[in-house]
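Below: one structure, written as structure tokens.
Number of protein chains: 2
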Amino acid sequence: MSGKEKMVSEITPMDVDFAQWYTDIVLKAELTDYSGVKGCMVIRPYGYAIWELIQKEMDARFKATGHQNVYMPMFIPESLLEKEKDHVEGFAPEVAWVTEGGAEKLAERLCVRPTSETLFCEHYKSVVHSWRDLPKLYNQWCSVVRWEKTTRPFLRTREFLWQEGHTIHATPEEATEETERMLNVYADFCRDVLCMPVVKGRKTESDKFAGAEATYCIEAMMHDGKALQAGTSHYFGDGFARAFGIQYADKNNTLRYPYQTSWGTTTRLIGGLIMSHGDNDGLVLPPRVAPYQLVIVPIAAHKPGVNEKAAEIKDRLEKAGLRVLLDDSDNSPGWKFAQYEMKGVPLRVEIGPRDIENGQCVIVRRDNREKTFAAFDGLEDTVASLLDAYSDAIYNAALANMEKRTHACLSIDEIKSCIETNGDGFIKAMWCGDEECEKKVKELTGVGSRCIPLAQEHLSDTCVCCGKPADKMVYWAVAY
Amino acid sequence: MSGKEKMVSEITPMDVDFAQWYTDIVLKAELTDYSGVKGCMVIRPYGYAIWELIQKEMDARFKATGHQNVYMPMFIPESLLEKEKDHVEGFAPEVAWVTEGGAEKLAERLCVRPTSETLFCEHYKSVVHSWRDLPKLYNQWCSVVRWEKTTRPFLRTREFLWQEGHTIHATPEEATEETERMLNVYADFCRDVLCMPVVKGRKTESDKFAGAEATYCIEAMMHDGKALQAGTSHYFGDGFARAFGIQYADKNNTLRYPYQTSWGTTTRLIGGLIMSHGDNDGLVLPPRVAPYQLVIVPIAAHKPGVNEKAAEIKDRLEKAGLRVLLDDSDNSPGWKFAQYEMKGVPLRVEIGPRDIENGQCVIVRRDNREKTFAAFDGLEDTVASLLDAYSDAIYNAALANMEKRTHACLSIDEIKSCIETNGDGFIKAMWCGDEECEKKVKELTGVGSRCIPLAQEHLSDTCVCCGKPADKMVYWAVAY
Numbered sequence: 004m005s006g007k008e009k010m011v012s013e014i015t016p017m018d019v020d021f022a023q024w025y026t027d028i029v030l031k032a033e034l035t036d037y038s039g040v041k042g043c044m045v046i047r048p049y050g051y052a053i054w055e056l057i058q059k060e061m062d063a064r065f066k067a068t069g070h071q072n073v074y075m076p077m078f079i080p081e082s083l084l085e086k087e088k089d090h091v092e093g094f095a096p097e098v099a100w101v102t103e104g105g106a107e108k109l110a111e112r113l114c115v116r117p118t119s120e121t122l123f124c125e126h127y128k129s130v131v132h133s134w135r136d137l138p139k140l141y142n143q144w145c146s147v148v149r150w151e152k153t154t155r156p157f158l159r160t161r162e163f164l165w166q167e168g169h170t171i172h173a174t175p176e177e178a179t180e181e182t183e184r185m186l187n188v189y190a191d192f193c194r195d196v197l198c199m200p201v202v203k204g205r206k207t208e209s210d211k212f213a214g215a216e217a218t219y220c221i222e223a224m225m226h227d228g229k230a231l232q233a234g235t236s237h238y239f240g241d242g243f244a245r246a247f248g249i250q251y252a253d254k255n256n257t258l259r260y261p262y263q264t265s266w267g268t269t270t271r272l273i274g275g276l277i278m279s280h281g282d283n284d285g286l287v288l289p290p291r292v293a294p295y296q297l298v299i300v301p302i303a304a305h306k307p308g309v310n311e312k313a314a315e316i317k318d319r320l321e322k323a324g325l326r327v328l329l330d331d332s333d334n335s336p337g338w339k340f341a342q343y344e345m346k347g348v349p350l351r352v353e354i355g356p357r358d359i360e361n362g363q364c365v366i367v368r369r370d371n372r373e374k375t376f377a378a379f380d381g382l383e384d385t386v387a388s389l390l391d392a393y394s395d396a397i398y399n400a401a402l403a404n405m406e407k408r409t410h411a412c413l414s415i416d417e418i419k420s421c422i423e424t425n426g427d428g429f430i431k432a433m434w435c436g437d438e439e440c441e442k443k444v445k446e447l448t449g450v451g452s453r454c455i456p457l458a459q460e461h462l463s464d465t466c467v468c469c470g471k472p473a474d475k476m477v478y479w480a481v482a483y
Numbered sequence: 004m005s006g007k008e009k010m011v012s013e014i015t016p017m018d019v020d021f022a023q024w025y026t027d028i029v030l031k032a033e034l035t036d037y038s039g040v041k042g043c044m045v046i047r048p049y050g051y052a053i054w055e056l057i058q059k060e061m062d063a064r065f066k067a068t069g070h071q072n073v074y075m076p077m078f079i080p081e082s083l084l085e086k087e088k089d090h091v092e093g094f095a096p097e098v099a100w101v102t103e104g105g106a107e108k109l110a111e112r113l114c115v116r117p118t119s120e121t122l123f124c125e126h127y128k129s130v131v132h133s134w135r136d137l138p139k140l141y142n143q144w145c146s147v148v149r150w151e152k153t154t155r156p157f158l159r160t161r162e163f164l165w166q167e168g169h170t171i172h173a174t175p176e177e178a179t180e181e182t183e184r185m186l187n188v189y190a191d192f193c194r195d196v197l198c199m200p201v202v203k204g205r206k207t208e209s210d211k212f213a214g215a216e217a218t219y220c221i222e223a224m225m226h227d228g229k230a231l232q233a234g235t236s237h238y239f240g241d242g243f244a245r246a247f248g249i250q251y252a253d254k255n256n257t258l259r260y261p262y263q264t265s266w267g268t269t270t271r272l273i274g275g276l277i278m279s280h281g282d283n284d285g286l287v288l289p290p291r292v293a294p295y296q297l298v299i300v301p302i303a304a305h306k307p308g309v310n311e312k313a314a315e316i317k318d319r320l321e322k323a324g325l326r327v328l329l330d331d332s333d334n335s336p337g338w339k340f341a342q343y344e345m346k347g348v349p350l351r352v353e354i355g356p357r358d359i360e361n362g363q364c365v366i367v368r369r370d371n372r373e374k375t376f377a378a379f380d381g382l383e384d385t386v387a388s389l390l391d392a393y394s395d396a397i398y399n400a401a402l403a404n405m406e407k408r409t410h411a412c413l414s415i416d417e418i419k420s421c422i423e424t425n426g427d428g429f430i431k432a433m434w435c436g437d438e439e440c441e442k443k444v445k446e447l448t449g450v451g452s453r454c455i456p457l458a459q460e461h462l463s464d465t466c467v468c469c470g471k472p473a474d475k476m477v478y479w480a481v482a483y
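As structure tokens, then:
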């Protein structure tokens, strides 16, 4: 049917206009719809199913590391938000304020949570009294609001869905360990579930979370050479505890301030996987978050036995624990092929009369269109190994993209010419630690500091900007 | 340890002060905490775990009936809320308004969603064009805000968690069928998962959802004789479609208005199960939503082999799919018994040295304290059948409470004396259908119409109020 073929041809090719390619995919793969609320999106069933799978996989990892889910109010009274000075300075300019409720003007403005440190602190003050009450390892799944000026589906929206972990510990060592643990949980999740390689690092002082002593992050590399911050993990020291007056009696009955962390990931991860794996025909989904891991398309479905066989194969594969779609609608096979390529379904299984005669079907991989003739006997195993190979392949392709786009530079001029020659990407360069140099690199080259990677390399002894001694290798990039 | 025993004795007995009993349980079983935001609650890990289990069980039922999850924005522009006249009249007085965002005054006020019909309608208008696009069977899990004056944890809070189903259909028949289907899903869920019997019925005109043609509900009976509306299912006809201009082309290419439904349940269900099953020692949880279905308490744990055996039994029962807590802390067994009775854990498994010698353990049911000596051999089966018996018993106890508190009355005076004699409960009485009579019954007796049950009984030919012909039997009660 030409309808779909037209629809597919409507995707703007990546190299013509990457931003438009992204928007085309988000809308045409039916992940989101625009809403009448500026900067807020409707997440449609196919997009939400991806988020549910992300949640399920991630939540299991949180629980396996001892965390419990809770729910805090969505409103924060202005006076509560103001308790920690750096925190309010960071967030107040971008919050939405509720000023009227039930037809009356409120005595105190309530902000719609942009993040919930202050609410967790208030709760900790109520429930943490003794060393026996520590640690508390909490997480919540909710939506938050930040009044962004420029928005894009998944990448930057005024309201977004996320999880925010908030933990409180007796010692700085435990809290530090937690901060690192969750950074690793995120990085492993990105690798194993999203097939998305990331760089683990620490943010510079100027780029820390408002109120944090240290912010760690994972940074991914998109198809267009821009970096995407995919998750953050913060160490707060006892700053919030002091601001909120949270104290606990230790084993000697001495009052002490506890130490806190928070860490978060958002629906932005969906944007990340689109721009890590997608191509000019649409989405390419990692199997563990694909709403359907394979689609069965009957060929010459009017012939006797074809639809029956397709249904039987669907049942068998579902029993093997796979998420399977059988499209036995009256659309043409060609329409269906394009449709499910657009939607990024990892495998397409074609079953026609001749295949049935031969006791086999045809399986086509979404990423490279590779065709396999697979016997019905043992099909479950064939599919499982094809999905594994597919996962490895898209991970390796994303890793190759990151490596191809990562360059070491020793001077500002080298950075400029590297970008001119290779386009956007990660620039590795030494930095002395001075904020002025950080700013100047950005001004002169357009790339900002993304992180100080945990895996450091020694490129030279001197700062790429001022030439003074430098012991930090920084990843620089243009970022989403 | 006296600490806990003191804590248990602090629960106000039900018959001394039911409201205080409820509050005591909610706080002392650590389901919620107060927050600094008036009328909003913190849902603590134990309370949230119950909600997660409710979500899991209910979501599976939604998906099994063909529904898909989506996510709509949390804000509704004032002009959008106003599109359906009855709807805005019903909700505008109790919404919270965002009037400032990112330090600027908004051109148009945004209300924090009290319910999302208007947002779903806007989206349907964007995606429904042809009969091929119907039906859409959507649901979302989120929080909503209604600016209530008087609030109580779970029962009535300014912000609450819920699910809202929103569906759109080609014909009124299909939409009606959906409305009924979901009412039944709710009723079955309450019976099978929450062990809570409900009456299925239809709301009177005066009690309908704002904008609905018909509202159906399930009503449960609490320990104190008050009714609790536990879920609602609405049929909208084509009213919203006309107000929002949603039309689809049917198979003959004629433009038609589609028909809609919505249906919802909330964290109020947790309040319902507390007041259906709880007793003066605390919570009594239905096994399918109990965060722990059993707790293992080692006895004389310092004796060799006790903790090891307890751990072994925990592993075995977890492998059998049960949610098990092993409390091997240094608190006394007595403290632990009281603690887990307070928390409503269905079964307590005691394992001591003599039990181990005898190849058995002691199992105590939370609801009736019945003790069973259970051999380690086949323990999985013993526990499974004890949980089944426990579920049946608490369901039957709740049903007996409902039946004991349900009385048929033929006149206003009978209603009055029935309430005087028996206390609160359901009054069954005939009604002519006149709103004036409905109001008058409330004024004269204090009980309001809860619903017109689907299972009608013919008590008499005349209205309990005006004496005119009546063909509707109504359940009346004081309600939460």
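Going line by line, the protein sequences match chains A and B.
Each residue of the first sequence is one higher than the last, beginning at 4 in my numbering.
Each residue of the second sequence is one higher than the last, beginning at 4 in my numbering.
Here a beta-carbon is modelled for each residue, glycine too, at the ideal position from N, C-alpha and C.
Fair warning: this is a prediction, and the values are worked out from it, not measured in the lab.
Identity of the residues DSSP links to residue i by a beta bridge
| i | result |
| --- | --- |
| B/F429 | B/T409 |
| B/T268 | B/Q166 |
| B/I221 | B/K203 and B/G234 |
Distance, residue j Cα to residue i Cα
| i | j | result |
| --- | --- | --- |
| A/E13 | A/A32 | 12 Å |
| B/I57 | A/N72 | 14 Å |
| B/E417 | B/R205 | 24 Å |
| A/G6 | A/E423 | Residue confidence for A/G6 is low, a pLDDT of 43 falling below 50, so the modelled location carries little weight; the figure read from the coordinates is stated next. Going from the Cα of A/G6 to the Cα of A/E423 covers about 41 Å. |
| B/R161 | B/I249 | 32 Å |
| A/G337 | A/D27 | 20 Å |
| A/A378 | A/E315 | 14 Å |
| B/S394 | A/E55 | 30 Å |
| A/Q23 | A/M278 | 12 Å |
| B/C193 | B/M44 | 24 Å |
| A/L164 | A/N310 | 40 Å |
| A/Q143 | A/G168 | 6 Å |
| A/A244 | B/C421 | 57 Å |
| A/R183 | A/H90 | Sequence inspection shows Glu at residue 183 of chain A; the Arg mentioned does not correspond to that position. Roughly 22 Å between the two C-alpha positions. |
Nearest residue (CA-CA) to residue i, options the options
| i | options | result |
| --- | --- | --- |
| A/G449 | A/L462, A/F429, A/P456 and A/K317 | A/F429 |
| A/L413 | A/C435, A/G355, A/E406 and A/G324 | A/C435 |
| A/D282 | A/T269, A/A63, A/H226 and A/G337 | A/H226 |
| B/E97 | A/K419, A/A106 and A/A99 | A/A106 |
| A/I3 | A/K254, A/P349, A/M433 and A/A480 | Examination of residue 3 of chain A is not possible in this model, given that chain A is present from 4 through 483 alone. |
| A/T218 | A/P456, A/H70 and A/V467 | A/P456 |
| A/G267 | A/A323, A/A378 and A/M185 | A/M185 |
| A/A293 | A/F21, A/V45 and A/E60 | A/E60 |
| A/Q459 | A/K203, A/E181 and A/K66 | A/K203 |
| A/S38 | B/K407, B/F94, B/H70 and B/C124 | B/C124 |
For residue j and residue i, believed in contact at Cβ under 8 Å, the rounded distance
| i | j | result |
| --- | --- | --- |
| B/L197 | B/L276 | 5 Å |
| A/A190 | A/V201 | 5 Å |
| B/L286 | B/K211 | So it is not a contact: roughly 34 Å between Cβ atoms. |
| B/A246 | B/E87 | 4 Å |
| A/A482 | A/A230 | 5 Å |
| B/R517 | B/L402 | As shown, chain B starts at 4 and ends at 483. That puts residue 517 of chain B outside it, with no answer to give. |
Contact between the region 146-155 of chain B and the region 123-131 of chain B (3+ Cβ pairs under 8 Å) = When Cβ pairs closer than 8 Å are counted between the two stretches, the region 146-155 of chain B is seen not to touch the region 123-131 of chain B, the count staying below three.
Report yes or no: do three or more beta-carbon pairs, one from the region 110-127 of chain A and one from the region 79-98 of chain A, lie closer than 8 Å?
-> Contact holds: three or more Cβ-Cβ distances are below 8 Å.
Is it a yes or a no for the region 296-304 of chain A touching the region 350-357 of chain A, going by three-plus beta-carbon pairs under 8 Å?
-> Yes, they touch.
The region 399-414 of chain B contacting the region 461-477 of chain B, beta-carbon criterion three pairs below 8 Å | With three or more CB-CB distances shorter than 8 Å, the region 399-414 of chain B counts as touching the region 461-477 of chain B.
Would you call the region 252-266 of chain A and the region 172-180 of chain A in contact, with 3 or more CB pairs under 8 Å?
-> yes
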